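Each remark here refers to the structure printed beneath this line.
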Amino acid sequence: MRNLSSFDSGRGRGTSSLHSPKPQEARSATDNAETKTTTVAADIKHRTLMASLHRLAVATTHMSKLAMEWILR
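Start counting the sequence shown at 1; every next residue gets the next number (UniProt numbering).
Following this line, the structure appears as structure tokens:
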């Protein structure tokens with residue numbers, strides 16, 4: 001098992017290998033992947049919402065036509 005709190009050159013500052021900073025390239029690649037995932041998820045939600053709104057509009061139009069037919073009898 002690793003010792004996670006080692007001291008840095010006797011200066012008294014504890015460092016942890018779990019919290020070491022990532023290289024900039026790895027961080028930006030991770031950020032890009034997270035951004036793409038978030039964008040894809042938002043796109044799926046948007047498409048689902050728009051499809052639901054379209055179905056609602058079609059149903060409303062259909063009900064309106066049925067109501068007009070019933071009124072005009």
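Backbone N, C-alpha and C fix where the C-beta goes; we use that ideal spot for every residue, glycine too. Every value quoted in this text rests on a predicted model; they were computed, and no experiment measured them.
Quiz prompt | Euclidean distance between Cα positions of ALA42 and ILE71 | solution = 43 Å
Quiz item: By DSSP, does GLY72 sit in helix, in strand, or in coil?
Solution: Position check: residue 72 holds Leu in this sequence, whereas Gly was assumed. If DSSP states are grouped into helix, strand and coil, LEU72 belongs with coil.
Quiz prompt | For THR61 and residue 74, the rounded distance between their alpha carbons | solution = Because the chain here runs from 1 to 73, residue 74 falls outside it and cannot be looked at.
Exercise. State the Cα-Cα distance for the pair THR30 and ALA51, rounded to the nearest angstrom.
Key: So the two alpha carbons sit approximately 31 Å from each other.
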